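Enquirer:
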Amino acid sequence: MNYKNPSLPISKRVADLLGRMTLAEKVGQCVQFFVLPETRESIKQQIRQNGLGSRILNESNLAGALTLRIAEVEDLNELQRVAVEETRLGIPLLYGRDVIHGHRTIFPIPLSMAATFDPSAVEQAFEIAAQEASAVGVHWSFAPMLDIARDARWGRIIEGFGEDPYLAAQLAAAAVHGFQGDLNPQGYYAKGRLMACAKHYIGYGAAEGGRDYNTAEISDNTLRNIYLPSYRAAVRAGVGSVMSAFEDLNGESASGSHYLLTELLKQELGFQGFIVSDWGSISDLITHRLAADEREAARLGMQAGVDMDMCSPCYPQYLADLVEKGEILIERLDDAIHRILTAKFQLGLFEHPYTPTPAQDEKLLHRHMAATRRTAARGMVLLQNNGVLPLTKDHQKIAVVGPFADHRRPLLGSWINDGVPGETATLFEAIKAACPQAEIWTAPSELNDEILDVAARADVVILAVGESNNRNGENSCVADLRLPAGQEDLIRAAGSLGKPLVLVVFSGRPLVLTDVIRHTDAILYAWHPGTMGAHAAADILFGEVNPSGRLPVTFLRHTGQVPFHYNAKSTGRWVSEYHDVPSKPLFPFGFGLSYTTFEYSDLQLPAEVAFGQPVQVSVAVSNTGSRVGEAVVQCYLQDCVSRTTRPVRELKGFQRVLLQPGEARRIKFRLGLEELSYYGPGSQWVCDPGDFKVWVGADSNATLEGKFTVR
Ligand code: NOJ
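If you count by our numbering, then the sequence shown holds residues 1 to 711, one letter each, in order.
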């Protein structure tokens, strides 16, 4: 049979197979299902009848909040055998799973990965996740999450790359490439890779009030300039699939919008892969009251452009009837099948449908642990340091106390299906390992009097505070961005002991630290740092690693400042302030301290460029301190007069540079037509001739300024 012949081009194999399929077999490919022990036999029966498209290796919509280990490969192979050997056409199943920030080796949460400002570290993290997950039978991961988040009350801010479209776009491409690698010239994935899924298209992070699943209203201008770039970057990087979001957006459902899914994503951006709904987001069209029943929901979803229905009854039950009655054109269904089958061929499933029993490779695991330790350290942000850090190993007595001093699971973050909490050191254990000669004390996390008692007898106090892994993630939103109840009191009390107080914050969102900072000597924002996160924190606290993480989100002074993002627009009046809270944030986007100091000088750029020509910007960066360290040089741009209102400044380039004490280097940025352009009137991609301002420096408040004119 032609489609089974691997020497034919994939497009021919798909066309051949498509030509042989019945309507029922086509519908089967558009269905994603999950398996419970009690449904297993009936699912096998469904596969035997007409085949099925994909199995999600999860048992619940809220899998991120649970820890469900993946099914054994024998289980996966058994069901696959039914699809491959007991169906007429033998189309293999596609196995998808939420491999979000690591598989067995848990990397820091994506928000922390964003704080690395290091696409190569992000690419490596996703590559390692692909390697580990594909070895146990996963073909497809529902990541990276590319939702821009400007409201930290929203719990899923943890899963994305922060508030900035440019940073998110760079990291989106890195994550997609990390998962998928380069397809070979015939279009096949290499072994050890996964198909990526850019989600949740689009605007999911703009939920009103920061409450998950809530309505979002985003103008087309903001949608395209702020929310779209990360998806555009993923499409350009060849992402194999996109997940349509749950929410009600601009009067439509994101999973029922022909404009968003077909016109913008497939036609305008040229996305070639397939669109899967989020879990039940097709049947949610009924909840949104856009469809009266499941049949209508199936029609709306398919017509809008959703190719595969994740775990709702709509497509499996009603697609065939809708096509037979002419309510969905067969061409539309064929297009969906074409996209899904192409992915299955590209992943090599027709040649290698089964997963061999995985062998545990200790050496490899060791390498992966080293990579996550390095990435976790690169993503931690030093927010405050009055000189107490790095700690010297001469301290005799160190108290490592607080609600997160001796806990493992919260260090891992939300989606850790296959991570092993037992393999994660606590901060207390990591500090003991880092400083074996000192006396390291801890106290029960919930007993403030014992914590303070231990702290009072120590030379230095490391207080671990923050959020548990259940306080953020899906459907885990908060109305108050301050630390959870009781923690500020504890910090205040610890601060009054007169001992050097180092705060380590484990969290999935930028918390408000305004009332805390005056009681502490140093604050290390460690996020949920993953399997080796406690060791990474110890590396920084003792100066083995010089901190170099930078904030991918603005840190507010008060929750009432939400939504706040650095790339705000010019207001009509020159001020826009509150009476009761300063209008500035506590820490700006891009901020982060180091154990050394950097100076930025001698900004050079041309006074004029011809339209379409790139602008070369360069700056001298020197390490003026006494330690080797990495600067994250950031370049911001302003289009001085534009056709639609534009941000006062936007990030358009960043580079990490390692500098020895006293060393200076010239760092160059290239601002091409892409960086100078934006979606203007009528959603057209435009570049304005005229003046542009540039700032280069250490964060979004950079003051070294230049100007050029596009003629
Ligand atoms: C719902 C979540 O929104 C999505 O991110 C996830 O991939 C699916 N559930 C599948 O678990």
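Quick reminder that beta carbons are idealized off the backbone N, C-alpha and C, glycines included. All values derive from a computational prediction rather than experimental measurement.
Once you ignore the five residues that flank S570 on each side, which residues in its own chain have a CB closer than 6 Å to its CB?
Expert: Same-chain partners within the cutoff: V648.
Enquirer: For R509, which three-state DSSP category applies?
Expert: If DSSP states are grouped into helix, strand and coil, R509 belongs with coil.
Enquirer: Does the beta-carbon of N61, which I'm using as the reference point, lie nearer than 6 Å to any heavy atom of ligand 1?
Expert: Checking every heavy atom of ligand 1 against the Cβ of N61, one is found closer than 6 Å.
Enquirer: Helix, strand or coil for I109? Go by DSSP, reduced to three states.
Expert: Three-state DSSP puts I109 in coil, outside helix and strand.
Enquirer: According to the Cβ coordinates, are N472 and G422 closer than 7 Å?
Expert: No, these two residues do not count as a Cβ contact at 7 Å.
Enquirer: How big is the Cα-Cα spacing for A24 and Y189?
Expert: One C-alpha to the other measures close to 29 Å.
Enquirer: Based on the DSSP secondary-structure assignment, which residues constitute the bridge partners of Y636?
Expert: L651, W695, per the DSSP bridge assignment.
Enquirer: Spell out the partners DSSP gives G629 in its beta bridges.
Expert: Beta-bridge pairing links G629 to L659.
Enquirer: Just the C-alpha distance for G629 and L658, rounded to the nearest angstrom, thanks.
Expert: Each residue's alpha carbon lies about 6 Å from the other.
Enquirer: Taking the beta strand (DSSP E) that C314 belongs to, which residues open and close that run?
Expert: Counting along the chain, C314 falls outside any beta strand (DSSP E), though it belongs to the alpha helix (DSSP H) covering 314-324.
Enquirer: Do you know offhand how far E608's Cα is from P681's?
Expert: Approximately 25 Å between the Cα atoms of the pair.
Enquirer: Once the 5 residues before and after Q29 are set aside, which same chain residues still bring their CB inside 6 Å of it?
Expert: These residues qualify, in order along the chain: G53, I337, I340.
Enquirer: Pick helix, strand or coil for D75, following the three-state DSSP scheme.
Expert: Helix.
Enquirer: Please classify C640 as buried or exposed, where buried requires at least 16 other C-beta atoms within 10 Å of its C-beta.
Expert: Per the 10 Å Cβ criterion, exposed.
Enquirer: Report yes or no: do three or more beta-carbon pairs, one from the segment 479-491 and one from the segment 429-444, lie closer than 8 Å?
Expert: Cβ pair count under 8 Å is below three, so no.
Enquirer: Do S700 and C687 have their CB atoms nearer than 7 Å?
Expert: Taking 7 Å as the Cβ cut-off, S700 and C687 do not qualify as a contacting pair.
Enquirer: For T712 and F126, what's the separation of their Cα atoms in angstroms?
Expert: Residue 712 lies beyond the range of the chain shown here (1 to 711); nothing can be said about it.
Enquirer: For L593, which residues in the same chain have their Cβ closer than 6 Å to its Cβ, ignoring the five residues on either side in sequence?
Expert: Excluding residues within five positions, the ones whose Cβ falls inside 6 Å are L382, N385.
Enquirer: Mind checking whether R666 and S618 have CB atoms under 7 Å apart?
Expert: Cβ atoms of R666 and S618: closer than 7 Å.
Enquirer: Please work out which residues of its chain come closer than 6 Å, Cβ to Cβ, to A237, disregarding the five sequence neighbours upstream and downstream, and give them in chain order.
Expert: Contacts found: A173, V176, H177.
Enquirer: Opposite D309 in the DSSP bridges: which residues?
Expert: DSSP output for D309 lists V31 as bridge partner(s).
Enquirer: Across which residues does DSSP place S622 in a beta bridge pair?
Expert: Answer by DSSP bridge pairing, in chain order: E599, A664.
Enquirer: For N448, which residues of its own chain have a beta-carbon under 6 Å away from its beta-carbon, when the five flanking residues on both sides are left out?
Expert: If we look at N448 and ignore the five residues flanking it on each side, its Cβ neighbours are L490.
Enquirer: In whole angstroms, what is the alpha-carbon distance linking I416 and P410?
Expert: Answer to the nearest angstrom: the Cα atoms are 11 Å apart.
Enquirer: Helix, strand or coil, according to DSSP, for Y227 in the structure here?
Expert: It is helical.
Enquirer: Helix, strand or coil for S11? Go by DSSP, reduced to three states.
Expert: Reduced to three states, the DSSP call for S11 is helix.
Enquirer: By the 10 Å Cβ neighbour count, where 16 or more other Cβ atoms means buried, how is S496 classified, buried or exposed?
Expert: When all chains shown are included, S496 counts as exposed.
Enquirer: Compute the distance between the beta-carbons of L637 and A534, then report whether it is under 7 Å.
Expert: Contact flag unset, no.
Enquirer: Provide the residue(s) that pair with Q384 in DSSP beta bridges, ordered along the chain.
Expert: Beta-bridge pairing links Q384 to I523.
Enquirer: Pick out whichever of G162, S281, V633 has its Cα sitting closest to the Cα of T554.
Expert: The residue with the shortest Cα to Cα distance from T554 is G162.
Enquirer: Would you decide whether I330 is buried or exposed? Buried here means 16 or more other CB atoms lie within 10 Å of its CB.
Expert: That one is exposed.
Enquirer: Around the Cβ of E705, are there at least 16 other Cβ atoms within 10 angstroms (buried) or fewer (exposed)?
Expert: E705 should be labelled exposed.
Enquirer: Excluding the 5 residues flanking M532 on each side, which residues of the same chain have their C-beta closer than 7 Å to its C-beta?
Expert: So the list reads M369, T372, R373, A376, once near-sequence residues are dropped.
Enquirer: Are the beta-carbon atoms of I451 and V502 separated by less than 7 Å?
Expert: Their beta carbons are not under 7 Å apart, which means I451 does not touch V502 by this criterion.
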